[in-house]
């Protein structure tokens, strides 16, 4: 049985002139200990589908699904209070912009201790000790001092490590990482990805990695799901996807990789026509 199962999820947003569909009949499954990469260009519904699963979309969004379950528990039938026992504890998420995700008015130590006290029920002293342990685990230098630092006093890479520390604080069974390296330079990107994969291997948690970087996918994923304009185009294990992509959109994505260039210019994915959804 899959750890997370989503079947036929649709997300619509109300606007002043009507509504639009951001996610159109998406299916997502991830098994225990598996690394699933969800890939596609901006606007393909990658982040929205996972935010919908987390219950983090605004009131303007309407989410429907035939099934949304976590380890056999029906998320659709749960009350908000029941769902909060899972979201933020057993399922956690790292967001795209680390500095924007942290409150500038509080120290990073206060913020991670708040997570531990609320979601793990730790005392103030125990939360501080656990926060220090987590900062060491994710490789934040001088952790005692960094607990006292505000987000603007830390680099982007350090702030992302804080976000990772928060996400793993409750020993989640599923971690969703939404473009975790977008705002970071290339060197720091590799460090963050290496850290995520090391933590995933150590803890055995499942990992959903949302990205548009096919190079990252090749290095990290067990299985890949390709999305385009809110629909799933293709799903395959990582070797099959790179060696024998079956959908023209996937082939277009792969042909745009620099190493696959055959001339002076890279092919553009933007010229790709509306695809037919594969059965």
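Numbering (the UniProt record's numbering), first residue to last: 1 to 279. Note that the Cβ used here is the ideal one computed from N, Cα and C, for glycine as well. Please read these numbers as outputs of a predicted model, since none were measured by experiment.
Residue 45 counts as buried, since no fewer than 16 other beta carbons sit within 10 angstroms of its beta carbon. With fewer than three CB-CB distances shorter than 8 Å, the segment 22-32 does not count as touching the segment 238-248. Counting along the chain, no beta strand (DSSP E) covers residue 215; the unbroken alpha helix (DSSP H) around it starts and ends at 214-220. In the DSSP assignment, residue 75 is bridged to no other residue. Residue 93 and residue 9 do not touch by the CB rule: their CB atoms are close to 16 Å apart, not below 8 Å. By the Cβ criterion, the segment 13-20 is not in contact with the segment 198-208, since fewer than three pairs of Cβ atoms, one from each stretch, lie closer than 8 Å.
Taken in chain order, the complete beta strand (DSSP E) segments of 3 or more residues contained in the segment 180-264 are 206-211, 223-228 and 231-237.
Straight-line measurement puts the Cα of residue 173 at about 15 Å from the Cα of residue 83. Taking the Cα of residue 20 as reference, the smallest distance to any Cα among 252, 254, 109 and 230 is reached at 230.
Spatial neighbours of residue 119 in its own chain (CB-CB distance under 8 Å, excluding positions within 5 residues in sequence) are listed in chain order as 88, 89, 169 and 170.
For residue 83, the enclosing alpha helix (DSSP H) covers residues 80-84. Distances from the alpha-carbon of residue 61 to those of 23, 34 and 70 put 23 closest.
In the three-state DSSP reduction, residue 128 falls in the helix class (H, G or I).
Burial check for residue 187: the Cβ neighbour count within 10 Å stays below 16, so the residue is exposed.
Residues 3, 173, 204 and 206 of the same chain have their beta carbon placed closer than 8 Å to that of residue 32, with the five preceding and five following residues left out of the count.
Only residues of its own chain outside the window of five on either side were considered, and among them 257 have a CB closer than 8 Å to the CB of residue 215, listed in chain order. Listed as beta-bridge partners of residue 24 by DSSP are 10. With the rule of 3 Cβ pairs closer than 8 Å, the segment 35-43 counts as touching the segment 219-230. Annotated three-state conformation of residue 60 is coil, per DSSP. For residue 107 against residue 150, the beta-carbon gap comes to about 6 Å, under 8 Å, which counts as contact. In the DSSP assignment, residue 118 falls outside any beta strand (DSSP E) and within the unbroken alpha helix (DSSP H) covering 108-119.
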